[in-house]
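Notes for the one structure printed next.
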Amino acid sequence: MEEAVKKKVDIHRGLVGVYFDRTKTTFINGKEGILEYRGYSIHDLAEKSTFEETAYLLLYGDLPNKVQLQGFDSDLKSSRDIPKEIIDIIKTIKDSHPMDVLRTAVSALSSFDPEVSDKSAEATLRKGIRLTAQVPTIVMAHNALRQNKTPIPPNSNLSHAANFLYMLDGVEPSESTAKLMDKDFILHADHGSNASAFAARVSAGTQADLHSAITTGVAVLSGPSHGGAAENVMKMVKEVGSPENAKAYVTNLLKSKERVMGFGHRVYKSQDPRAGHLKEGVENLSKEMGQPGWYEILTAVMVAMKPYQRRGIHVNVDFFAGVIYHLLGIPTDLFVPIFAVGRIPGWTIQVVEQYNNNILLRPLLEYTGEHERKYIPVQER
Ligand code: COA
């Protein structure tokens, strides 16, 4: 007993650098800043693909042909509506944070999915497609209901990204705006064993169903170190106010040992390969909208953070996303839900992979508390 207590164990706090399984979905080389979905470079997908095509690729392993893509697109479009009961639940909790509402609504949707307890790969993929289609509707229905407005029903003439923006205000977005949103969803579609996907796998490891796993994913994504960074970047950009203030602002943050939001990454120790695509997007959009100031502040913060690149702290995808969403007229508290909208295919395929070669994820904790304490009855304490 005494010996077991004293035995030295290797502790990998935060599971940093620990491989816990294998995947065929997403490849990340953090040192060189490489990201691939199913062997395709994120750069090719961001520039040439669509969210629908990328989601199909993640879920089924190959790029779809024309007929497969049409079928997948029509499955997504025909699954966008959400039951009236979900709308009623959203109404009841409409004053909560959109991520809390999303988590509750995804969980409640399990009661209405005809295949909820079927954990076969085929049924899980079908449920993943339905959730991919329903999550944008939940987010935008809540956004309308909390303003005491009637939700704008999904528009089946529009792509996934264009429909998402359409449900915000009933206005069809321009082609370039829809493309930028589409690109953002592609860039967020999967990212290996990040905290929310890992949590979804832990859930699937117990053989919980997809709705449970995705509810877990949404819950974990809501934390500021994961999904919340874009929202915090927007807050920071507003506080900085103008490019001249960026250096002093960043210096003050770092002096007080605070983090600069939108910088740093657990895996990427060079530039996040997703970031460049949104950098270009925010530059064009802020010029197009006659508001170049936002991009100028971002650039000034990047310049101020340059010395930290030596320590592996580079700009990440969320640094640019926030300003893009702001320019598109999206309320700040919807920034994390947008991440979730893009991430459903990723969570789904991670769950399918987990089921395919399942094992309960159950690591150990080294006990460092006391032993052999004498129990004293409550009357004597
Ligand atoms: N600003 C300033 N310093 C940072 C930093 C940031 N954004 N990110 C990391 N660092 C510093 C840490 O303070 C730490 O310094 P120290 O060794 O002197 O203590 C060092 O870099 C390593 O940080 P660590 O917390 O071990 O890295 P991590 O891998 O655990 O953290 C994040 C990764 C993402 C949680 C972290 O970079 C962060 O909080 N970034 C801001 C939030 C963000 O943008 N999240 C979105 C990620 S896509």
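Residue 32 in the working numbering sits at position 25 of the sequence shown, and the numbers go up by one each step. Note that beta-carbon positions come from the ideal geometry of N, C-alpha and C, so glycine has one too. All of these numbers come straight from a predicted model, not from anything done at the bench.
Within this structure, are the beta carbons of Asp216 and Ser117 separated by less than 8 angstroms? yes
Return yes when the C-beta of His272 is under 7 angstroms from any heavy atom of the ligand COA, and no when it is not. yes
Quick test of your reading: Glu59 and Leu70, contact by CB under 8 angstroms. State the CB separation rounded to the nearest angstrom. Not really, about 11 angstroms apart at Cβ, beyond 8 angstroms.
Using the Cα positions of Leu3 and Val310, report the straight-line distance between them to the nearest angstrom. Only positions 8 to 388 of the chain appear in this structure, which leaves residue 3 out of reach.
Contact belief for Thr184 with Leu172 at Cβ below 8 angstroms, rounded distance in angstroms: 7 angstroms
Between Met8 and the rest of its own chain, which residues show a CB-CB distance below 7 angstroms, the 5 nearest in sequence each way excluded? Legend: pLDDT at Met8 = 47, less than 50; position of this residue unreliable, no value from coordinates given.
DSSP three-state label for Phe326, please. helix
Judging by CA-CA distance, which residue of His321, Asn323, Arg208, Ala237 is the nearest neighbour of Asn364? Arg208
Straight-line gap, Ile136 to Asn201 (C-alpha atoms, nearest Å): 21 angstroms
Neighbourhood of Ala226 by C-beta distance below 7 angstroms, restricted to the same chain and skipping five residues each side: Arg110
CB-CB length for Ser203 against His233, believed under 8 angstroms: 6 angstroms
Whole-angstrom Cβ separation of Leu138 and Ile35, contact assumed at under 8 angstroms? No, Leu138 and Ile35 are not in contact; Cβ-Cβ is about 24 angstroms, not under 8 angstroms.
Val267 CB to nearest heavy atom of the ligand COA below 7 angstroms: yes
Could you check whether the stretch 334-345 touches the stretch 232-251, counting it as contact only if at least three pairs of C-beta atoms, one from each stretch, sit closer than 8 angstroms? yes
Please name the residue in Gln141, Pro314, Val289 whose C-alpha comes closest to that of Ile304. Val289
If you measure from the CB of Ile452, is any heavy atom of the ligand COA nearer than 7 angstroms? Outside the modelled stretch of the chain, which goes from 8 to 388, sits residue 452, for which no answer is possible.
Can we count Ala236 as close to the ligand COA, meaning its CB is less than 7 angstroms from some heavy atom? yes
Is it buried or exposed for Gly224, if we count other Cβ within 10 angstroms and need 16 for buried? buried
In this structure, does DSSP put Asn36 in helix, strand or coil? strand
Which residues mark the beginning and the end of the alpha helix (DSSP H) in which Ile18 is found? Here Ile18 belongs to no alpha helix (DSSP H), and DSSP marks it neither H nor E.
Report yes if the C-beta of Ser181 is less than 7 angstroms from at least one heavy atom of the ligand COA; otherwise report no. no
Please list, in chain order, all residues of the same chain as Asp120 whose beta carbon is under 8 angstroms from its beta carbon, the five residues on each side excluded. Lys134, Arg137, His218
8 angstroms Cβ shell around Ile18 - same chain, five flanking residues per side excluded: Glu373
Buried or exposed, going by whether 16 or more other CB atoms sit within 10 Å of the CB of Val142? buried
Between Ser114 and the rest of its own chain, which residues show a CB-CB distance below 7 angstroms, the 5 nearest in sequence each way excluded? His218, Thr222
CA-CA distance, Lys254 and Asn155? 42 angstroms
With C-beta atoms as the reference, is Leu187 less than 8 angstroms away from Leu22? no
Opposite Glu43 in the DSSP bridges: which residues? Phe34, Ser48
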